[in-house]
Amino acid sequence: MEGSIEWLLWLLTMVSVVTTVAIIAVLVSESVQFFTMEGHPEISPWSFLTGTVWSPLLGARPEFGVLPLVTGTVLVTAIAGLVAMPIGLLTAVYLSEYASAKTRTCLKTVLEILAGVPTVVYGFFALTFITPYLLQPLSESFGTYNAMGAGIAVGIMILPIVCSLSEDSLRAVPQSLRDGAYALGSTKFDVTAKVVVPAGLSGVIAAFLLALTRAIGETMIVALAAGGLAQLTANPSQQVQTMTAYMVQIFLGDAPANGIEYRSSYAVAMTLFAITFAMTGTGAIVLKRYREEYE
Amino acid sequence: MTIGHTIPIARRLRHDRLMLAACLAATTLAIAVLSALLISIFVQGFSSLDWHFLSSFASRKAANAGILAPLMGSLWVCTICGMVAIPVGIATAIYLEEYARRSRLRSLIQLNISNLSGVPSIVYGILALAAFGRCFGAISSDDPWTLGSPDSVFFVQFPFGRSVLAGGLTLALVILPIMIIAAQEALRAVPVSLRQAALALGSTKWQVVWKVTLPSALPTMMTGAILSMSRAIGEAAPLLVIGGVLLLFSVPDNLMSDFTVLPLQIYNWAGRPQDDFHRIAAAAIIVQLVLLLGFNSVAIVIRQKLQRPLQS
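Going line by line, the protein sequences match chains A and B. Quick note: the first sequence uses this note's numbering, first residue 10, plus one each step. Quick note: the second sequence uses this note's numbering, first residue 102, plus one each step.
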């Protein structure tokens, strides 16, 4: 009885291990099929990773250079980070250092609601509010679909992650450190900016990394609001296509199954998986190696 | 450490006030964003929300369209997802916290779980398409293996194709890492003294887990479970990969039925250019948010009612 239960628990634990192995196996085998497809000798991992034109569905000869999709993703993620990191960190500082217990509970509820909102809702918000009412009045260059609107919406989506994880790590800084700094004649600003934030920095950076990873993998917002044109641009008023948005386009049935376009989505997925896996790994290392331990 | 003794006190106090102002501004902005989100959706969607909307199927005309199929689809998929992810998540947490020895293997599994929680949900969709949708190509969908009769709710055939069962299992994979981490934290919060007392009375390891640790950790675990489920009910991307967006005119009646879910229906309507469809998308979002609010309130009630403080 005891032994069989332990064995059963072990078996269920292996589900998560098998999931990782299966994800990697599927992505690798399908990507290999993409790179070795007959009739397309021009496609190689090198041309895929360094090519600057992505036009799988248009033109006589499809081109598969993933860089426009990568820069599209990076542009949206950068905008999201610029929105979420300062606001999230300042809100976390306010929650942990300034707010009364009552205000704190109240604000935590607001953040929990924001965290629970499905991402497709943020996409809708970008399309029907951020772009027409905030961006288009500012400049006429913003189209219906643009990187800025999508980026801001992704930023709002990751704000609760930045905020609650940073706050956890700021609150974990022992009160004695603050008291010591006050005793030396510090103002609250000195205590916060020079003692508390540096002491909780590993947690804050891990929070940033986790939030940016979510932003890179975010799908529904960019599929709705960023547009569908893969282009190499840093102009946020233009439409861009991200890696995830391309996958949505393919799986929604724009391409015949088992064609070269269909297979290309697996190579894109592999790229996306590699990037996010590296980032979560880095986050875990940062948290482990640079954590300041206090009694 | 320099605390700025060379800076005049007036400037330090000004920094202090600026910091407070910046923090307040950021916090106000966060609240303003939430208000703008909720208000803009209510303004657009409230007028379309009525009984007809909840009880009708999709339609070519926005005025006649309803969300019966996606609403029932969401409930089916989430039920299946919860029935798989919650037990597997809790079992994994128990194994890692109570049974596994502190070895390299254990920390590798742990690292793997935290990495999995960062994998984009659309990638899970790709795995699910290969595993559940096609059984890795081992069984052709033209010649499926069947179990049970199509009249039964529990009718199953391999591969699962784009059925509710495939959808539920896909979401279960997505939320499993979150569920495991939540359950582990709940178990860690149970004081060691309780386990030691039970062991001292002669309990076996499993008796300790089943009769002592698990009951004390359950309220926290349930909160975690509900929060993971609220993530699942809002997921669209992985389901889009396995099934695409369907306009359905039936509700699921067995495990192999086709399905669509609320977020996918919202995506479909929001992506159309006409304002009429944006209005019904907003109405569907209101229904979705009410469902989520229901989930979260249950979590809060459980947290407050059942959580007895445990002395360590």
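Built from N, CA and C at the ideal position, the CB exists for glycine as well. No experiment lies behind these values; they were computed from the predicted model shown.
(Q) Measuring straight from C-alpha to C-alpha, what distance separates V75 (chain A) and V310 (chain B)? (A) C-alpha separation (whole angstroms): 50 Å.
Q: Would you check if the stretch 124-133 of chain B and the stretch 356-364 of chain B touch, i.e. whether three or more CB-CB distances between them fall below 8 Å?
A: Result no; under three Cβ-Cβ pairs closer than 8 Å.
Q) W152 (chain B) CB to nearest chain A CB: under 8 Å? A) no
Q) Can you give the Cα-Cα distance for Q412 (chain B) and A301 (chain B), rounded to whole angstroms? A) Residue placement at Q412 (chain B) is poorly supported in this model, since its pLDDT is 48, which falls under 50; the coordinates still yield a value, given next. The straight-line gap from Cα to Cα measures roughly 18 Å.
Q | For W311 (chain B), the first and last residue of its enclosing alpha helix (DSSP H) | A | In the DSSP assignment, W311 (chain B) falls outside any alpha helix (DSSP H) and carries neither an H nor an E.
Q) Excluding five sequence neighbours on each side, which residues of the same chain lie with their C-beta closer than 6 Å to the C-beta of A293 (chain A)? A) Residues of the same chain with their beta carbon placed closer than 6 Å to that of A293 (chain A) are lacking, with the five preceding and five following residues left out of the count.
Q.
Which runs of the alpha helix (DSSP H) at least 4 residues long sit entirely within the stretch 344-412 of chain B? Give them in chain order.
A. 363-371 and 376-407
Q. What is the rounded straight-line gap between the Cα of G268 (chain B) and the Cα of A232 (chain B)?
A. For the pair G268 (chain B) and A232 (chain B), the Cα-to-Cα distance works out to about 12 Å.
Q) Is the stretch 322-337 of chain B touching the stretch 122-131 of chain A in the sense that three or more CB pairs, one from each, lie closer than 8 Å? A) Contact between the stretch 122-131 of chain A and the stretch 322-337 of chain B is present: 3 or more CB-CB pairs across the two stretches fall below 8 Å.
Q.
Mapping the DSSP letters down to three states, classify V182 (chain A) as helix, strand or coil.
A. coil
Q: Decide if Q297 (chain B) is buried, meaning its Cβ has at least 16 other Cβ atoms within 10 Å, or exposed.
A: Label assigned to Q297 (chain B): exposed.
Q: Quick one: using the 10 Å Cβ neighbour count with 16 as the cut-off for buried, is M184 (chain B) buried or exposed?
A: exposed
Q: May I have the straight-line CA-CA distance separating A186 (chain B) from A284 (chain B), to the nearest angstrom?
A: 11 Å
(Q) Quick check on F73 (chain A): does DSSP put it in helix, strand or coil? (A) strand
Q.
Rounded to the nearest angstrom, what separates T247 (chain B) and R235 (chain B) at their Cα positions?
A. 14 Å
Q: Anything in chain B within Cβ reach of T285 (chain A), meaning under 7 Å, just list it in chain order.
A: G219, V220 and P221
Q: Could you work out which residues of chain B lie near L18 (chain A), taking near to mean beta carbons separated by less than 8 Å?
A: A192, T193, I195, Y196 and Y200
Q. Under 8 Å Cβ-Cβ, which residues of chain A neighbour S331 (chain B)?
A. G125
Q. Got a sec: which bits of the stretch 113-147 of chain B sit with their beta carbon under 8 Å from any beta carbon on chain A, in order along the chain?
A. R113, L114, H116, D117, L119, M120, L121, A123, C124, L125, A126, A127, T128, L130, A131, I132, V134, L135, A137, L138, S141, I142 and Q145
Q. What residue range is occupied by the uninterrupted alpha helix (DSSP H) comprising V26 (chain A)?
A. E11 to F44 is the extent of the alpha helix (DSSP H) around V26 (chain A).
Q: Could you work out which residue in A:V295, A:A276 and A:R300 is closest to S38 (chain A) when comparing CA atoms only?
A: A:A276
Q.
Give me the DSSP bridge partner(s) of S148 (chain A).
A. Looking at the DSSP assignment, S148 (chain A) forms no beta bridge with any residue, so it has no partner.
Q: Residues of the stretch 317-341 of chain B with a CB closer than 7 Å to any CB of chain A: list them in chain order, please.
A: Residues of the stretch 317-341 of chain B with a C-beta atom less than 7 Å from some C-beta of chain A are S331, G335, A337, A338 and L341, listed in chain order.
**Q.** Neighbourhood of T193 (chain B) by C-beta, 7 Å cutoff - its chain only, sequence neighbours within 5 removed
**A.** I281
Q | 8 Å Cβ cutoff, I167 (chain A) in contact with chain B | A | no
Q.
Please identify the residue among B:R118, B:S264, B:F259 and B:L139 whose C-alpha is closest to the C-alpha of Y107 (chain A).
A. B:R118
Q. When you compare only the Cα positions, how much space is there between K297 (chain A) and E176 (chain A)?
A. Cα to Cα, the separation comes out at about 18 Å.
**Q.** Delimiting residues of the beta strand (DSSP E) encompassing F259 (chain B)
**A.** V257 to F259
(Q) Taking only three categories from DSSP, how would you classify T140 (chain A)? (A) helix
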